[in-house]
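Asker: Numbering (the working numbering), first residue to last: 12 to 179. Using N, Cα and C, we set each Cβ at its ideal position, and we do this for glycine too. For reference, the structure I am asking about is given below.
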Ligand code: HEC
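Printed below as a string of structure tokens:
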């Protein structure tokens with residue numbers, strides 16, 4: 012114990028130890044604080060492909076803006092509009108929380124708006140401002156949600172791990 016031997020060095024040590032404990036506790040508490048949504052493996056693969064397409068869209072829009080090619084910008088943005096949600100697996104929406112779907116829909120409408128305004132107004136600065144606001148929905152959703160343990164109700168195929176003979 013430090014009682015009775017409270018030299019400045021001992022106090023510094025105690026303070027450092029307390030700080031260390033505090034940091035360790037906050038690191039533990041941090042963990043993954045997102046809401047983890049449970050969906051099937053097929054659905055997860057579908058959504059992640061969709062996500063990679065979204066990133067490619069952002070790339071194409073920014074590239075077109077750099078070239079000041081507003082027709083190309085409009086066409087690129089359109090690819091991530093509401094029409095792109097047509098092929099969503101039937102059972103998926105019911106598994107997604109309301110705010111998740113709202114953010115998703117708002118994001119797709121954002122791309123439609125970018126496309127429409129780019130076509131009619133041809134204003135690059137406006138398009139970039141709209142893109143920045145739309146990207147806030149990507150950032151916001153990623154901060155709030157992740158996919159957790161997946162269910163495999165619809166997936167009767169073997170996972171790659173078991174197919175290779177590995178124990179899961
Ligand atoms: C409504 C919610 C939501 C929105 C909006 C959203 N995402 Fe995602 N995104 C997710 C979730 C959930 C994951 C999976 C994260 C996890 O499980 O760790 C993900 C994963 C990703 C990934 C990783 C894909 C992979 O193969 O692992 C990329 C890239 C991505 N998103 C890009 C985007 C971009 C770009 C936008 C906006 C233009 C966007 N997302 C908008 C929910 C969203």
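(1) Thinking C-alpha only, which one of 103, 138 and 71 is nearest residue 121?
(2) As a quick exercise: from 48, 84 and 78, pick the residue whose alpha carbon is nearest that of residue 123.
(3) Cβ-heavy atom distance between residue 140 and the ligand HEC below 6 Å?
(4) Residues in the same chain with beta-carbon distance under 7 Å from residue 159, minus the five sequence neighbours each way, listed in chain order, please.
(5) Checking 7 Å against the spacing of the C-beta atoms, do residue 125 and residue 94 come in under that value?
(6) Is residue 47 helix, strand or coil by DSSP?
(7) How close, in whole Å, do the beta carbons of residue 90 and residue 68 come, if the pair is a contact with beta carbons under 8 Å?
(8) Are any of the Cβ atoms in chain C nearer than 7 Å to that of residue 113?
(9) Going by C-alpha distance, which of 43, 51, 42 and 44 is nearest residue 105?
Answerer: According to the data block:
(1) Position 110 of the chain shown, counting from 1, holds the residue named residue 121. Comparing alpha-carbon positions, the option among 103, 138 and 71 lying closest to residue 121 turns out to be 138.
(2) On the chain shown, position 112 is the one that residue 123 refers to. Between residue 123 and the set 48, 84 and 78, the nearest pair of CA atoms involves 84.
(3) As a working note, residue 140 is residue 129 in the chain shown. For residue 140, the CB stays at least 6 Å from every heavy atom of the ligand HEC.
(4) To locate residue 159, count along the chain shown from 1; it is residue 148. These residues qualify, in order along the chain: 47, 48 and 49.
(5) Walking along the chain shown from the start, residue 125 turns up at place 114. Walking along the chain shown from the start, residue 94 turns up at place 83. Residue 94 sits away from residue 125, with the two beta carbons spaced by 7 Å or more.
(6) What you label residue 47 is simply residue 36 of the chain shown in a count that begins at 1. The answer is strand: DSSP assigns residue 47 an E or B state.
(7) Stepping through the chain shown from its first residue, residue 90 is reached at position 79. Stepping through the chain shown from its first residue, residue 68 is reached at position 57. At roughly 5 Å, the Cβ-Cβ gap stays under 8 Å, so residue 90 and residue 68 are in contact.
(8) Among the protein chains of the structure shown there is no chain C, as only one such chain exists.
(9) As a position in the chain shown, residue 105 is number 94, starting the count at 1. Checked all of 43, 51, 42 and 44; the closest Cα to residue 105 is 51.
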